[in-house]
Amino acid sequence: MVSDRGLDVLRAIVQDYVAMREPVGSKSIVERHAFGVSAATIRNDMALLEEEELIVAPHTSSGRVPTDKGYRVFVDRLQRMQPLTPAQRMAIARFLDEAVDRDDVLARTARLLSSLTNQVALVQVPMRRPAGVRRVELVAVAETRLLAVLILDSGRVEQRVLDAQQRIEPEQATALGRAFTETVAELSPTDAVERLSSAAASAPPALQTATAAVAHALTEMLQAAGGDRIVMAGASHLVREERDFHGRVTPVLDAIEEQVTLLRLFDEMGAEGEVTTRIGRELSGPLGEAAVVASTYSDSRLEGHVGVLGPTRMDYAGNMAAVRAVARYLTRLLSED
């Protein structure tokens with residue numbers, strides 16, 4: 164069991180490591196914090212913390228850094244959420260109140276949260292209602308390339324240039340677009356995706372290759388248009404913190420570009436509390452060296468998440484306070500609207 168002083172030592176190590184990005188030794192703890200004991204006593208406390216796998220030595224004869232488990236204990240038991248300053252709260256209100264519509268509010272929220280925390284900001288945009296398919300248009304733009312246009316009854320338009328993998332005449336492209344419209348018109352995106360899976364099999368033999376390519380592209384477009392999406396800001400902050408990802412930040416950037424990954428993460432986090440965290444190994448895949456701080460906001464009858472993503476070496480107290488404050492103000496603003 165770790166003593167109360169040992170937990171205070173853990174708090175000091177987390178705070179100093181976050182601030183200075185250097186392993187923390189017993190001597191610096193004695194100099195920077197008023198424990199009133201010798202460096203040898205602090206070393207004994209650090210040895211117990213290491214036995215509990217709360218800290219680790221990254222190099223021989225170096226100081227210690229927190230582990231994922233150590234950060235978790237810090238967040239759950241030791242950190243004190245810092246209230247935002249009046250100036251910060253005023254900045255939140257002023258910046259968000261200037262938004263012209265709901266989409267602008269959410270985009271501004273991402274930019275604001277990123278500037279407050281110096282992390283990647285993530286705002287989930289829940290769909291108000293399933294948008295049905297109005298029509299599909301296909302335009303031949305080159306010998307084997309087609310422009311696919313998907314129009315939803317909400318007015319949203321998705322388009323993509325694709326390789327049909329065979330020569331397509333303009334009139335064939337137009338006819339193929341009409342055929343796809345007949346297949347998916349008035350269906351929800353989910354139902355339309357199911358219908359598309361059999362479209363290639365029933366196509367004329369001369370156009371089966373092109374039909375399969377179009378069906379694949381439309382499926383991806385429908386999946387992107389049919390559900391929640393993520394508004395993101397501040398990805399450049401990750402690049403500046405590349406050292407915290409052992410010099411390999413590209414997999415993390417690729418992962419956050421995959422909105423499905425982030426939406427699944429938010430779904431798993433649910434509404435577990437006012438502010439929720441996932442740290443290091445609690446995240447999967449390339450995000451296993453990252454941390455996420457999130458909270459929920461409500462938009463009329465819908466609920467979404469707002470949060471930040473960064474390295475495990477982050478200012479949890481400050482980030483949690485910023486996420487909580489922004490989520491609360493966002494809920495109030497959207498409710499009033």
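Just add 163 to wherever you are in the sequence shown, counting from 1, and you've got the working numbering. We put the CB at the ideal spot given by N, CA and C, even for glycine.
Contacts around residue i, its chain only, beta-carbon distance under 7 Å, and the 5 residues preceding and following it disregarded
| i | result |
| --- | --- |
| V236 | L173 and L217 |
| A376 | L325, D326, A327 and Q328 |
| V394 | L269, A270, A273, V286 and V288 |
| L425 | L285, I393 and I419 |
| L496 | L259 and V268 |
| P246 | A484 |
| Q422 | R392 and I393 |
| D462 | P289 and L497 |
| F408 | V415, E452 and P474 |
| V304 | L310 and V324 |
| I255 | L275, A488, V489 and Y492 |
| P221 | P186 and V228 |
| T223 | none |
| P333 | A303 |
| G448 | A418 |
| A336 | L301, V302, A303 and L309 |
N-terminal and C-terminal residue of the beta strand (DSSP E) that residue i is part of
| i | result |
| --- | --- |
| I331 | Segment: none, I331 is in no beta strand (DSSP E) and carries neither H nor E. |
| G318 | Taken as a continuous stretch (DSSP letters only), G318 belongs to no beta strand (DSSP E), as it is neither H nor E. |
| S458 | A453 to D462 |
| V238 | Counting along the chain, V238 falls outside any beta strand (DSSP E), and DSSP gives it neither H nor E. |
| V165 | Here V165 belongs to no beta strand (DSSP E), and DSSP marks it neither H nor E. |
| L285 | V283 to V288 |
For residue i, the first and last residue of its enclosing alpha helix (DSSP H)
| i | result |
| --- | --- |
| T307 | From DSSP, T307 is part of no alpha helix (DSSP H); its letter is neither H nor E. |
| T440 | Premise fails: T440 lies in the beta strand (DSSP E), T439 to I442, not in any alpha helix (DSSP H). |
| V268 | R265 to T280 |
| G199 | Note, G199: premise wrong, no alpha helix (DSSP H); not H, not E. |
| L359 | P352 to L359 |
| Q541 | Here the chain has residues from 164 to 500 only, and residue 541 is not among them. |
6 Å Cβ shell around residue i - same chain, five flanking residues per side excluded
| i | result |
| --- | --- |
| A175 | I192 and H196 |
| N482 | T280, V456 and V471 |
| V238 | T440 and Y479 |
| A202 | S189, K190 and V193 |
| G340 | V299, E300 and L301 |
| D179 | V187 |
| R411 | none |
| A373 | A327, Q329 and I331 |
| S225 | P186 |
Beta-bridge partners of residue i, as assigned by DSSP
| i | result |
| --- | --- |
| S447 | Answer is none; S447 lacks a bridge partner. |
| E300 | V312 |
| L259 | None; L259 has no bridge partner. |
| L173 | In DSSP, L173 forms no bridge with anything. |
| D179 | D179 pairs with nothing; no bridge assigned. |
| L325 | L309 |
Own chain residues within Cβ distance below 8 Å of residue i, not counting five before or after
| i | result |
| --- | --- |
| S277 | V283, A284, A396, G397, H400 and V471 |
| E445 | D231 and R235 |
| R145 | A question about residue 145 goes unanswered here, because the residues of the chain that appear run from 164 up to 500. |
| T528 | Residue 528 is absent from the model: the chain starts at 164 and stops at 500. |
| V356 | T382, L385, Q386 and G389 |
| R206 | S189 |
| M432 | T439, R441, V455, A457 and H468 |
Which listed residue (the options) has its alpha carbon closest to that of residue i
| i | options | result |
| --- | --- | --- |
| P367 | E349, R319, F343 and A453 | F343 |
| A485 | I314, V438, E499 and A348 | V438 |
| V299 | D266, R265, E345 and A254 | E345 |
| D391 | E215, T372 and G467 | G467 |
| R240 | E499, T204, R297 and V165 | V165 |
| R476 | T248, G233 and L370 | G233 |
| V228 | L212, D462 and Q422 | L212 |
| R243 | D462, D171 and R252 | D171 |
| V181 | G199, P474 and Y492 | P474 |
| F429 | E405, A380, A454 and V219 | A454 |
| R464 | L450, T494, P449 and I442 | T494 |
| S351 | E261, V296, A210 and E214 | V296 |
| R330 | A338, A336, E306 and A348 | E306 |
| T204 | R168, L359 and S361 | R168 |
| R427 | G199, L450 and R257 | L450 |
| R347 | R319, A336, T337 and S361 | What sits at residue 347 in the sequence shown is Val, not Arg. The candidate whose alpha carbon is nearest that of V347 is S361. |
| M209 | V177, D417 and R319 | V177 |
| R184 | E431, D417 and E405 | E405 |
| E499 | R265, T413, A380 and V402 | R265 |
Near the ligand NAD: residue i beta-carbon under 7 Å from a heavy atom
| i | result |
| --- | --- |
| A398 | Of the ligands one can find in the structure shown there are none, so the ligand NAD has no counterpart to examine. |
Worksheet entry | Those runs of the beta strand (DSSP E) which lie wholly inside the stretch 377-433 and span at least 3 residues | Fully enclosed beta strand (DSSP E) runs of 3 or longer: 392-396.
Item to complete: Go through the stretch 185-236 residue by residue and report every complete run of the alpha helix (DSSP H) that reaches 4 residues or more, in order.
Response: 189-195, 202-214 and 231-236
Practice prompt. Could you pull out every unbroken beta strand (DSSP E) segment of at least 3 residues lying fully inside the stretch 460-495, listed in chain order?
Written response: 465-474
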